[in-house]
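Novice: Here it is: the structure, laid out below.
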Amino acid sequence: MTTNAGEPQTRPRRRAPAGAAVLREDVTDAIRAAVFAELASVGYARMSIEGIARRAGVGKTAVYRRWRSKLHLVLDVVSALAVQGLPAPDTGSLETDLRMLYEVT
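Every number in this note's numbering is 8 more than the matching position in the sequence shown, counting from 1.
Here it is as structure tokens:
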């Protein structure tokens, strides 16, 4: 391409995505780990996005960028376990079972 003056027109370079455009894997992993810990600690009914974010060391927006609700977050984490085909532990304690699953993943 040339400009009216006969000089080549340069295109602006595209910047690498930053901020909300980048979903860092380490943050996603921390959130998933926090889900296990919160489920084991307080159960699904008392678990909150705020508690998960606090435990993961992130803001609530980091969670909501990845999942739109607590249900979607838990389903994603549990589905990932099912896909891996891990045997479900049965220690007699939900908290211990969840901790064992987390340690294996």
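Glycine residues also receive a C-beta, built at the ideal position from the N, C-alpha and C atoms.
#1: Hey, how far is the Cα of Arg32 from the Cα of Phe44?
#2: From Ala70 to Gly100, what does the alpha carbon distance come to, in whole angstroms?
#3: How about Val71: is its Cβ closer than 8 Å to a heavy atom in the ligand ZN?
#4: Return helix, strand or coil for Leu31, following the three-state DSSP convention.
#5: Three-state secondary structure (DSSP) at Val66?
Specialist: This is what the structure gives:
#1: Approximately 19 Å between the Cα atoms of the pair.
#2: Between the alpha carbons of Ala70 and Gly100 lies a distance of about 34 Å.
#3: As for the ligand ZN, it is missing from this structure, which has no ligand bound.
#4: Annotated three-state conformation of Leu31 is coil, per DSSP.
#5: DSSP places Val66 in the coil class of the three-state scheme, outside both helix and strand.
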